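Structure, as structure tokens:
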Amino acid sequence: MENPIAFGHGKFLTHYDDVVFFQFNNNESFYNLDLKTAKKFIDIVVTLCNGKPMSFIIDIRGFRGSFSAEAANFLANSSELLKLRISEAFITNSIATNLLIASYKRIYDPVTPHVICDEVRSAEQYCLQSKNTFYGSD
């Protein structure tokens, strides 16, 4: 893992040079991810990807809260992310978070391949498979 960048409740880094790893920690159930923060998150991801499409692992096991409709829409439809995002693997440990992610994907981003996992290893395997499919290395 390299290039760790911390911002707000998140930590971002590249993982094995082909996966962007996000880790979010927040215990405040009233937290609401806003558009300004979502834009900063995208800036960080663009920097880490350096123009190379990658899979994303999003570890939200320690996260509580929600996101604004504007932030969700922006994250799903950002032209910068659309060029860089191969797939997403969400790591969760609660039914509430699983439901939040499933709703987000259904409403805002039904196109990007994704999986919801409960451990890092499963997320890594999914991302490797997605990357190989994307680059034609199956």
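Residue numbers (the numbering used here): 6 to 143.
For glycine and all other residues, C-beta sits at the position ideal for the given N, C-alpha and C.
These numbers were taken from a predicted model, which means no experiment stands behind them.
V116 (DSSP reduced to helix, strand or coil): Mapped onto the sequence shown, residue 116 falls at position 111. Correct three-state label for V116: coil.
Proximal residues to S135 (C-beta, below 7 Å), its chain only, five neighbours per side dropped: Within the sequence shown, numbered from 1, the residue matching residue 135 stands at position 130. Only S60, I91, S92 and P118 meet the Cβ criterion.
Neighbourhood of P9 by C-beta distance below 8 Å, restricted to the same chain and skipping five residues each side: Position 4 of the sequence shown holds residue 9. Within the same chain, P9 has close Cβ partners K16, F17 and L18.
Cβ-based burial, A77 [other Cβ within 10 Å; buried from 16]: Position 72 of the sequence shown, counting from 1, holds the residue named residue 77. Label assigned to A77: buried.
Counted within 10 angstroms of its Cβ, other Cβ atoms place E129 as buried (16 or more) or exposed: Translated into the one-based positions of the sequence shown, residue 129 becomes position 124. By the 10 Å Cβ count, E129 comes out buried.
Buried versus exposed call for I100 [16 or more other C-beta atoms within 10 Å across all chains shown]: Against the sequence shown, residue 100 aligns to sequence position 95. It counts as exposed.
With 16 other Cβ atoms within 10 Å as the buried cut-off, status of V50: In the sequence shown, the residue the question calls residue 50 occupies position 45. Buried, because 16 or more other Cβ atoms sit within 10 Å of the Cβ of V50.
Completely contained beta strand (DSSP E) runs for the region 55-82, where each covers 3 or more residues: 59-68
Proximity of C122 and V24 at Cβ, strictly below 7 Å: Looking up residue 122 in the sequence shown gives position 117. Looking up residue 24 in the sequence shown gives position 19. It is not a contact, given that the beta carbons lie outside the stated cut-off.
T19 - containing beta strand (DSSP E), residue span: Position 14 of the sequence shown, counted from the first residue, corresponds to residue 19. First-last of the beta strand (DSSP E) with T19: G15 to H20.
Backbone CA spacing between V120 and F12 [nearest angstrom]: Here residue 120 is taken as the residue at index 115 of the sequence shown, counted from 1. Here residue 12 is taken as the residue at index 7 of the sequence shown, counted from 1. Approximately 25 Å between the Cα atoms of the pair.
Straight-line Cα distance separating F26 from S127: Position 122 of the sequence shown, counting from 1, holds the residue named residue 127. Position 21 of the sequence shown, counting from 1, holds the residue named residue 26. When rounded, the distance between both Cα atoms is 14 Å.
F139 - partner residues in DSSP beta bridges: Your numbering for residue 139 matches position 134 in the sequence shown. According to DSSP, which records beta bridges pairwise, F139 is partnered with nothing at all.
Closest residue to V125 among D64, D39, K44 and F29 (Cα-Cα distance): Within the sequence shown, numbered from 1, the residue matching residue 125 stands at position 120. Residue D64 is the option with its Cα nearest to V125.
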